[in-house]
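Presented below is the structure to which this report refers.
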Amino acid sequence: MKKYLLVFALVVTGLSFAQDKGKFKDATPEERAEIQTKKMAKDLTLNQEQKQKVNAILKEHHANLEAKKEEIKSEQIEAKKERRKKAMSELKESRSELKEKLKGVLTEEQYKKWETLQNERLEKAKNYRKNGNK
181 MKKYLLVFAL VVTGLSFAQD KGKFKDATPE ERAEIQTKKM AKDLTLNQEQ KQKVNAILKE
241 HHANLEAKKE EIKSEQIEAK KERRKKAMSE LKESRSELKE KLKGVLTEEQ YKKWETLQNE
301 RLEKAKNYRK NGNK
């Protein structure tokens, strides 16, 4: 029964901290645990032993959350890199197909001129991205 009460108290306290995002958001896991412990001690009139145990539980909890958050962020970055890599590969393949199809339709002179125009356009786009809107 005490465990259920403690878990309930943690949930309620956690929800109340969702409103205080400003100072809580930038705090370290230890600071978060300390803030929550103080609030719970006040709200639930915890004795000293309970405060210490709750604080230890919350420190571990917030450290785990922080580690998970970093892991997720890292996975998202890797997934984004993989999607970009795949998209670039598909784009290259598509360009190769376009070139082959145009070679079959355009004369050699027309194709060379088209390639030159494409390279100029590509260079212009690179410079635009590099220098901004200048």
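For the record, in the sequence shown the residue sitting at position 18 is 198 according to my numbering, with numbers rising by one throughout. Glycine included, C-beta positions come from ideal geometry on N, C-alpha and C.
By the Cβ neighbour-count rule, M220 is buried, with 16 or more other Cβ atoms within 10 Å of its own. Counting the other Cβ atoms within 10 Å of the Cβ of L271 gives fewer than 16, which makes it exposed. Between the alpha carbons of V234 and T217 lies a gap of roughly 6 Å. K248 is positioned such that its CB atom lies no closer than 8 Å to that of A213. Burial check for L226: the Cβ neighbour count within 10 Å reaches 16 or more, so the residue is buried. Linking E262 to A243 through their CA atoms gives a straight-line distance of about 29 Å.
Spanning the alpha carbons of I252 and E300 requires a straight line of approximately 41 Å.
8 Å or more divides the Cβ of L302 from the Cβ of W294.
Separation of the CB atoms of Y291 and K281 is rounded to 11 Å, and the pair is thereby denied contact status at 8 Å.
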